[in-house]
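Residues in the sequence shown are numbered from 11 upward in steps of one, following this note's numbering. What follows is a single structure, written as structure tokens, with notes after it.
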Amino acid sequence: MIKRLTPLLFALGSLPVLAQQTPKPDPTQAYSLLDGKTIVKTNPFSDIFGNLNLKIERIITDGLSAQFSVFSSPGNSNGEQIGAFHNVAPVISNTALYPYQPKYIAFSPQIRWYLNDGLGYGFYIHAYYHFQRNEFNDQVMRSTAMYGSALDDARLNYNGHSTMHAVGFGIGAQWLFGRRKNIVLDWYIAGIGRGFVRGDLYGSFIPPANRNNFEEAFRGSLPNDGRDAEISYNKEGHTVRITNIKYQTYVLDMGLSIGFRF
């Protein structure tokens with residue numbers, strides 16, 4: 011009888027000691043996706059070319075997050091540029107590899123819906139608002155028109171700026187890597203939106219041979235045929251200012267970002 015009670019008493023006596031020991035962490039909890047709800051990302055291609063491309067995503071609940079993005083470029087390439095108002099849409103021209111980089115700053119809040127109810131991972135769709143302000147330097151606008159049997163050329167060198175408000179939506183996929191699932195790869199597959207642009211420009215021009223056709227020559231080179239644009243110029247001083255340039259543009263975007271979750 012004594013032999014049977016001894017192990018039982020020893021086991022009961024060790025219970026307080028066991029209760030004081032720190033339980034071992036559950037590995038499934040230690041590396042759970044529930045650990046971090048904030049993700050900071052950047053586009054490595056933009057970083058290489060000296061542009062800011064910063065995104066901060068906050069997970070709200072299962073399958074839903076909010077993201078705020080900031081983009082900027084310190085300035086356009088040196089030398090004569092061809093683009094801006096009359097050739098390239100403002101948002102398309104802010105891609106990292108575009109050679110005629112304008113100076114710009116942009117902000118874009120967005121809402122993401124993850125299709126698998128994932129906490130910051132999986133395929134997603136998103137809706138966004140995009141604000142962007144561009145500054146253009148050393149831009150060139152050329153206009154050629156037929157007057158009689160001869161071509162009449164005109165050239166405008168200008169600086170200017172534009173402001174755009176846009177809304178749109180897109181699709182993408184985001185993956186989490188690493189032992190703690192804190193390395194993030196975000197593939198922005200494709201996005202499309204509609205933007206409303208307003209801007210002004212000023213500069214000097216080489217007039218066409220027929221100076222009376224100056225306004226006609228350059229108004230037709232502006233977006234929307236320069237409708238509603240106000241042109242004021244000094245024919246003798248060869249200077250011009252064009253204000254109230256208004257038009258709509260499509261916003262096309264795609265990209266790849268890497269970051270960390272914490």
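From the three backbone atoms N, C-alpha and C, an ideal C-beta is built for every residue, glycine too.
Minimum Cα-Cα distance from G128 among the listed residues T173, L74, S231, P119 corresponds to L74. Inter-residue distance for W123 and K245 is about 56 Å (C-alpha atoms, whole angstroms).
With contacts defined as CB atoms closer than 8 Å, F117 and F141 qualify as a contacting pair. Residue range 54 to 58 is occupied by the alpha helix (DSSP H) that includes S56. Taken through DSSP and simplified to helix, strand or coil, G73 comes out as coil. Here the alpha carbons of A76 and I70 stand approximately 7 Å from one another. Here G46 is near F272, since their CB atoms are less than 8 Å apart.
Annotation for A200: the continuous beta strand (DSSP E) segment containing it runs 193 to 216. Where L262 is concerned, the enclosing beta strand (DSSP E) starts and stops at 249 to 271. CA-to-CA, the gap between G188 and S56 works out to about 24 Å. Spatial neighbours of G130 in its own chain (CB-CB distance under 8 Å, excluding positions within 5 residues in sequence) are listed in chain order as L43, K47, I49, E67, I69, S75, Y124, Q184, L186, V194, R271.
DSSP lists I66, P119 as the bridge partner or partners of F78.
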